[in-house]
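**Student:** The opening position of the sequence shown corresponds to residue 9 in the numbering used here, with each subsequent residue numbered one higher.
All C-beta atoms in this analysis are idealised placements derived from N, C-alpha and C, irrespective of residue type, glycine included.
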Amino acid sequence: MTETARKIMEYFEGQAKVKSGMVIGFSELSCHAKSWGPQHADRLKSAMEELRDEGYMIMTPTDSLELTDRGYFYLFNEV
């Protein structure tokens, strides 16, 4: 696991923002990532893939569906 994905896990677990079932809301995740600077989109996408591999689910903010790679690009431009 990369340092970026590990830091995301530690942040959300430490802030008690990970709900049961290891679910992270995309809007919370993208807000956290925006503090990383201009390369946050690429780092976030890579970290999201790793988090999914670890069993986390990244959920969309409006309909609570699991976020796919295709949906990621749409939402990231909207949030």
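1. So what's T10 in DSSP terms, helix, strand or just coil?
2. Give the DSSP-derived three-state secondary structure of V87 in the structure shown.
3. For M65, does the three-state DSSP call read helix, strand or coil?
4. Where does the unbroken beta strand (DSSP E) through G33 begin, and where does it stop?
5. Which one of D50, G33 and F20 has the shortest CA to CA distance from M67?
**Tutor:** Answer, in terms of the structure:
1. As a position in the sequence shown, residue 10 is number 2, starting the count at 1. If DSSP states are grouped into helix, strand and coil, T10 belongs with coil.
2. Your numbering for residue 87 matches position 79 in the sequence shown. In this prediction, V87 scores a pLDDT of 45, lower than 50, which makes its location untrustworthy; the coordinate-derived value is nonetheless stated afterwards. In the structure shown, V87 sits in coil (DSSP, three-state: anything other than H, G, I, E or B).
3. Translated into positions along the sequence shown, residue 65 becomes position 57. Here M65 sits in strand by DSSP.
4. The sequence position of residue 33 within the sequence shown is 25, counting from 1. Start and end: V31 to G33.
5. For the purposes of this step, residue 67 is taken as residue 59 along the sequence shown, with counting starting at 1. Checked all of D50, G33 and F20; the closest Cα to M67 is G33.
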